[in-house]
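Chains as they are written, first to last, in full-length UniProt numbering: chain A, 1 to 208; chain B, 1 to 208; chain C, 1 to 208; chain D, 1 to 208.
By construction, the Cβ of each residue, glycine as well, lies at the ideal position given by its N, Cα and C atoms.
As structure tokens, the structure follows; a few thoughts come after it.
There are 4 protein chains.
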Amino acid sequence: MSIQTRRERDAQKMKEDILAAAREISNQDGFASISIRKIAQKIEYTPSIIYHYFSNKEEILEQLLESGYLKLTTSLASSKRISDNPEDTLRIMTRTYIEEALKIPEEFAIVHSDSSPNVIKHTSFLFEGASEKRKAIHMIKKCIIDMNPQEELEGGKVELTAQSIAAATMGLTLKLIAEKNLEEAQKKKIIDYFSDEMVVRMAKYPGK
Amino acid sequence: MSIQTRRERDAQKMKEDILAAAREISNQDGFASISIRKIAQKIEYTPSIIYHYFSNKEEILEQLLESGYLKLTTSLASSKRISDNPEDTLRIMTRTYIEEALKIPEEFAIVHSDSSPNVIKHTSFLFEGASEKRKAIHMIKKCIIDMNPQEELEGGKVELTAQSIAAATMGLTLKLIAEKNLEEAQKKKIIDYFSDEMVVRMAKYPGK
Amino acid sequence: MSIQTRRERDAQKMKEDILAAAREISNQDGFASISIRKIAQKIEYTPSIIYHYFSNKEEILEQLLESGYLKLTTSLASSKRISDNPEDTLRIMTRTYIEEALKIPEEFAIVHSDSSPNVIKHTSFLFEGASEKRKAIHMIKKCIIDMNPQEELEGGKVELTAQSIAAATMGLTLKLIAEKNLEEAQKKKIIDYFSDEMVVRMAKYPGK
Amino acid sequence: MSIQTRRERDAQKMKEDILAAAREISNQDGFASISIRKIAQKIEYTPSIIYHYFSNKEEILEQLLESGYLKLTTSLASSKRISDNPEDTLRIMTRTYIEEALKIPEEFAIVHSDSSPNVIKHTSFLFEGASEKRKAIHMIKKCIIDMNPQEELEGGKVELTAQSIAAATMGLTLKLIAEKNLEEAQKKKIIDYFSDEMVVRMAKYPGK
DNA sequence: AATGAATGAGACTTCATTCAT
DNA sequence: AATGAATGAAGTCTCATTCAT
């Protein structure tokens, strides 16, 4: 390994250490109380050095959120191959989404509460046409279509249904994060019920 | 009116002025940037005097959130009398909830993202037994029962359903708040679809 | 004295203490090295309190310059009543200007080197029409006119002459400030020669 | 060319690049905001390397000022050969000085405001005997002598006159730099009047 | 010759809070 | 009831400089 690659790797590691420290603080005291000083203390360096790796605090926060969001979407995307049955696919997707989100609670909460243009740009899914632009909504839409073969589906309604499902899942997830002291058993019960039954009910058009 | 009651009333007014100022700041610059100084500037008093009415900043924030939550639940409670039809009741409740929440977006978002014990104490509804302790969940549960007369309902499942509906509604509301630049027409379409159709579908047990 | 006036006076005193401290620092280490911290240390208060009296550092610097400039112009204005002889008036004005400036060397140097609009607004005197707008130039112009009774004076030239004299005087003053280690005797010789002879020569039109 | 000389030349070039970068920064954001980092960024090297060529920041600033001053005096020196007429020589020298100075406004202003020993060492000219040690003063003195052939000139007075002229010219130049938004026409008028008429009047002893 | 990591000091500023009046 | 003075902690950031490589 050349000196340069080694240096780059070290720098990369430092960056990750900084982000990790920030993440920790976020999980302990809340995202809003992340500070350069606290990060520095955690990584046992002076605050100044942080500016060697990030140009300012904002960049750190951005990357933090981005990495969180990325993790979520990638793990979600990988879940689609699991089943051929649309109902099960929807179930698994929902469950995966919730479980992955619960691994990065603070970032998830922030990402989905933040309404700054920069974040919204990535996270919005209520706009008309979201089922084309947002992979997750698209995937849900496909499940819905497959689950209602005999129906004459109006495109707009299907999208609205998919969006509702996504919003509902996100809502439950946020609530699970906020109520972090909920008993494990109850937590499991809710996740099971929601992803196994509720979500399917939402996706299935009521028989006439 | 005695001098004392008058004083009390004045004090009450001052408290409300302070909270109102805080609310304004929250809506303008975000909840996190509420500061004693800014409040003082807004009410045109010195920062010190605020400590006459509140023992510290936290108390102000708490009461702010509480009042926001209160407004929401009271307006919700009043909606129940509107209809005798459980389906319509659920529809109206949902719509009312969303609309009222959109009037106090910042506080709503905060209340439902905050996971500090003090807030959670009031806002949690995923715990087992919530349909007894939480008016809103209780009301939803009643609607569900009325809407599924012929079913043999397992108590636990009904509560889980009610909780899911509540979480879903909250999720959609949060998303609507975050995506504040959504077009009005689309916003309306989503609210209509969700409260008129989606929520009913969630509440109705699928025929066997 | 009412409590309020007393408070105001105290506040005024504090402001002046702060400015005095700043002035001292400026004279010791240079204007550029004035810092809130150093001021605080000098007045034996915490840095924070300074923001009680000035909204930021800039305001302090501005007032510092302004006060320096003010002192100069007022002392200059008072010199005009001394003599009825225009030649002597010019001499005295010049001398007064130099001597007063040497009492506030740093501020003088700054004020007359600074080219920021805010400062220039007050200190510029090379523009056309300056003999109407600038008291000092106006006074010099009057001396020139009185000193050249038999000449047919072209207005524009008189102003240019006045401006040249002002610039020359300022230049010498600046140089005296910069060369602060100049021997007193030599310093005196130069000031004497310049204000007694040179300036008169500049003001007198050469006989044809 | 030997390797060594080549190295030296490279080193020399690097030094000049550094100084050039510093000069640019000075002209853009002001002399005071020159920083090692900014220089480094401009020459596209790391800050550290600068310490290879200069032992610290101060040395850079010093050389910067010195080089500016040098440029000025050399261009001044070259003007003397233009005319045999002492009056015209003085005129041309004055004009050249002003014009050259206006090409390096920031450095000129700094050089002539700075009172640190290192700078003063080069720029002072008010001391007794300056007409021997300072080329410019010497040249002015010679012009004065040539312009007043019939006078019995007292040596001291001639030097004082030369010094006054130099200070006056410098003063006008500084003022022209500070009032950078002065209209071009007016600027020209002043420079013309000062160098064509004023300076001659200063140099010529009044007839008895 | 050149780099990148690191430091420590210091810059301005905002904040919540206390206290005497 | 209300003020104004004051503090101390914390915030972000910039800087000159050193050192090992």
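query                                                                                                                             : result
Reference P47/D; option with closest CA among S83/D, I18/D, S195/D                                                                : I18/D
Length of the line joining the Cα atoms of M1/A and Y45/D                                                                         : The predicted model places M1/A with a pLDDT of 48, which falls under 50 and marks its position as unreliable, so this point remains unresolved.
Beta carbon proximity, F127/C to chain D, threshold 9 Å                                                                           : yes
7 Å CB neighbourhood of N148/D in its chain, flanking five on each side removed                                                   : K204, Y205
Exposed unless 16 or more other CB atoms sit within 10 angstroms - verdict on R37/B                                               : exposed
Interface flag, T169/A vs chain B, CB-CB below 9 Å                                                                                : yes
Chain C within 9 Å of K157/D, Cβ atoms only                                                                                       : yes
Partner residues on chain D for H138/C, Cβ-Cβ distance less than 7 Å                                                              : By Cβ distance, chain D contributes nothing, its closest Cβ being about 17 Å from H138/C, past 7 Å.
is_contact[M14/A, chain B] using C-beta, thresh 9 Å                                                                               : no
Residues of the UniProt domain "HTH tetR-type" (12 to 72) of chain B with Cβ closer than 8 Å to any Cβ of chain A, in chain order : A32
Cβ of I92/D within 9 Å of any chain C Cβ                                                                                          : no
Rounded straight-line distance, which links the Cα of Q163/C to that of G155/C                                                    : 12 Å
Three-pair Cβ contact test at 8 Å for the segment 159 to 174 of chain A versus the segment 46 to 65 of chain A                    : no
Rounded C-alpha distance that separates E107/D from E16/D                                                                         : 16 Å
Rounded Cβ spacing between L126/D and E179/C (contact assumed at less than 8 Å)                                                   : 5 Å
Buried or exposed by the 16-neighbour rule on C-beta atoms within 10 Å, applied to G129/C                                         : exposed
Residues that residue 211/D contacts on chain C, provided the C-beta gap is smaller than 8 Å                                      : Nothing can be reported for residue 211/D: it is not among the residues displayed for chain D, which extend from 1 to 208.
Among L160/B, Y97/B, I34/B, the one whose alpha carbon lies nearest that of M202/B                                                : L160/B
Cβ contact check for the segment 71 to 80 of chain A and the segment 90 to 100 of chain A: 3 or more pairs under 8 Å              : yes
Helix, strand or coil at Y205/A [DSSP, three-state]                                                                               : coil
Simplified DSSP assignment, three categories, for Q163/B                                                                          : helix
Spatial distance of E72/D from S115/A (CA atoms)                                                                                  : First, the amino acid is wrong: residue 72/D is Leu here, not Glu. Distance between the alpha carbons of L72/D and S115/A is about 58 Å.
Cross-chain neighbours of L182/D in chain C, by beta carbon under 8 Å                                                             : S124, L126, F127
4 or more residues per run - each alpha helix (DSSP H) lying fully within the segment 93 to 159 of chain C                        : 105 to 113, 117 to 123, 130 to 133, 135 to 147
For I34/D, three-class secondary structure by DSSP                                                                                : coil
Bounding residues of the alpha helix (DSSP H) (the contiguous stretch that carries T73/D)                                         : 57 to 77
Per-residue burial, A22/A [other beta carbons within 10 Å of its own, 16 or more giving buried]                                   : buried
Inter-residue Cα distance where the pair is K208/C and V111/C                                                                     : Because K208/C carries a pLDDT of 37, less than 50, the predicted location of this residue cannot be relied on, and the following value inherits that uncertainty. If I take the Cα positions, the gap works out to 39 Å.
Inter-residue spacing [alpha-carbon to alpha-carbon] between D192/A and E8/A                                                      : 44 Å
Beta-carbon contacts of A11/D that lie in its chain and below 6 Å, excluding the five residues immediately before and after       : none
Beta carbon proximity, M147/D to chain C, threshold 9 Å                                                                           : no
Test item: CB-CB of residue 212/B and S113/A under 9 Å                                                                            : This structure cannot speak to residue 212/B, because chain B is shown only from 1 to 208.
Under the three-state DSSP convention, the category Y45/B falls into                                                              : coil
Own chain partners of L153/D with C-beta closer than 7 Å, once the 5 adjacent residues on each side are dropped                   : I145
Burial state of T89/C (16 or more Cβ within 10 Å)                                                                                 : buried
I120/D: contacting residues in chain C (beta-carbon distance under 7 Å)                                                           : A178, E179
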